[in-house]
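Letter 3 of the sequence shown, counting from 1, is numbered 3 in my numbering, and no numbers are missing.
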Amino acid sequence: MANVVNYADKVSKVIEEKYLHTLLTKDLGVNDPTLEWDGAETIKVPTLEVGGFGEHSRDGGWNRKSVSNDWTPYKARHDRDVEFYVDKQQVKDTNNVLNIGNIANKFIVTKSVEEKDSYRISTIASDWITNGGTPVTTALTASNILTIFDDMMFAMNEAGVPEEGRILYLTNTTKRLFTEAIDAAKMRNIADGTTTIVRGVNNLDNVKLVPVPAARMKDGYVYTDGCEPAPLAKQINMLLIHPSAVMPVLKTQSIYFFEPGQHTSGDGYLYQHRELSDILVKKSKNSGIAIHKNA
């Protein structure tokens, strides 16, 4: 039997690129380059702290302040694997449609992407609440949605969160409410003769809007066969976030490909894929996240 080859190192960059093109949450990044792995599952997160200015003395001397760089260990929480087997006759019978390459690609751009988006959004919400965040639960209407959004933006402004780069992930139902609210505001402005407001449905006050299927914006999931919303999961309607508030993690642990005769599972092709992934909310940047969800 031929030597077993782990293709993880060879194709991990290709997989990251594929996620960058297919994840709805791709703007949060795929894998933070500042993270270090300590063993197979533990991530070391850097925390750099520096002192501030002191009053300068014209008599000479400088205000020396401290600099510290600590590494906080985290264990990657989302450890997943999958295996596909295809009999070699099936590959011939389907004119090569059922080859392992097609199956692996289909899995990554559909099942894996859907699960990653769902896991990321629900995990950000959960960790943000654990860190002290309080979601808005007021029922959304076309009459109040702009005010609720403005309140979220104001809180971030007061906390010093950068205005540039903020992203609003929202359900399609929520986006429709924004459209209705903006249309109503435009009609009022036209009626009283004032200038039409500059608010687009894809970019709101310089915030990028990213519509997400409602099934990927729940606050809890069951990860048995792929991912499904948990029975008591609540709907997350809006996730306003600055990417600097989170650290994405992705490690392609193992990718094995066996041709017929290289394994004992049957007379066919075997594909095995294991990934470790997570998304970490920085406690010091909790104010860079705001959430609206159903009560």
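Quick reminder that beta carbons are idealized off the backbone N, C-alpha and C, glycines included.
Close beta carbons around residue i, own chain, < 7 Å, minus the five adjacent residues each side
i    : result
R176 : none
K88  : P260, D267, G268, Y269
M1   : Its pLDDT being 46, under 50, M1 is placed unreliably by the model, and the measurement read from it follows with that caveat. Result list for M1: Q262, in chain order.
D38  : K44, P73
K285 : S244, A245
S12  : T252
Strand pairing of residue i, partner residues [DSSP]
i    : result
Q235 : K218
I43  : W37, Y74
Q262 : Answer is none; Q262 lacks a bridge partner.
Y269 : V86
V67  : V50
P252 : The sequence given here places Thr at residue 252; Pro does not occur at that position. According to DSSP, T252 bridges with E275.
D151 : The partner list for D151 (beta bridge, DSSP) is empty, contrary to what the question assumes.
F257 : Y271
N203 : K208
D79  : L276
I241 : I167, I289
Sequence-distant residues of the same chain with beta carbon closer than 6 Å to residue i, five excluded per side
i    : result
H292 : V136, N237, M238
K208 : I167
D81  : R274
A159 : S287
G200 : Note that G200 scores a pLDDT of 48, beneath 50, so its modelled location is shaky; the value from the coordinates is reported in the next line. Same-chain partners within the cutoff: there are none.
V198 : For V198, the pLDDT reaches just 49, beneath the cut-off of 50, and the residue's location in the model is therefore unreliable, although a value from the coordinates is still provided. There are no such residues.
L35  : I43
R77  : D278
L146 : A181
V212 : L24, Y169
L240 : M152, L168, A290
H263 : L270
D225 : none
K251 : L276
G54  : N63
D79  : L276
Y19  : V30
T22  : V109, V113
R120 : T25, I279
A295 : T137
E41  : K75, A76
Distance CB(residue i)-CB(residue j) smaller than 8 Å
i    : j    : result
V281 : W128 : yes
A139 : A184 : no
S265 : Y74  : no
M217 : T179 : no
S122 : G220 : yes
E83  : C227 : no
I124 : V246 : yes
P162 : D27  : no
K283 : N131 : yes
T215 : T173 : Sequence check: residue 215 is Ala here, not Thr. Against a cut-off of 8 Å, the Cβ pair of T173 and A215 comes out as no contact.
L204 : F149 : yes
Start-to-end residues for the alpha helix (DSSP H) that takes in residue i
i    : result
H21  : 8-22
A104 : 100-106
A159 : A159 -> no alpha helix (DSSP H), and no H or E assigned at all.
A125 : 113-130
Short CB-CB distance (under 8 Å) between residue i and chain D
i   : result
N99 : This model lacks chain D altogether; it includes just one protein chain.
Extent of the continuous beta strand (DSSP E) to which residue i belongs
i    : result
Y169 : 167-171
K293 : 289-293
V109 : Taken as a continuous stretch (DSSP letters only), V109 belongs to no beta strand (DSSP E), as it is neither H nor E.
P211 : 207-212
Residues near residue i by beta carbon distance below 8 Å, same chain, minus five either side
i    : result
N202 : K208, L209
G165 : H242, P243, S244
D117 : L23, L24, T25, V212, R216
N206 : E163, E164, R166
The segment 252-263 touching the segment 5-15, judged by at least three CB pairs closer than 8 Å = A contact exists between the segment 252-263 and the segment 5-15.
Please determine if the segment 223-234 and the segment 45-62 are in contact, where contact requires at least 3 C-beta pairs separated by less than 8 Å.
-> Touching, no, given that fewer than three Cβ pairs across the two stretches are closer than 8 Å.
Is the segment 53-71 close to the segment 98-115, with three or more CB pairs under 8 Å?
-> Short answer: they don't touch.
Is it a yes or a no for the segment 17-32 touching the segment 262-270, going by three-plus beta-carbon pairs under 8 Å?
-> Flag = no, the segment 17-32 and the segment 262-270 do not touch.
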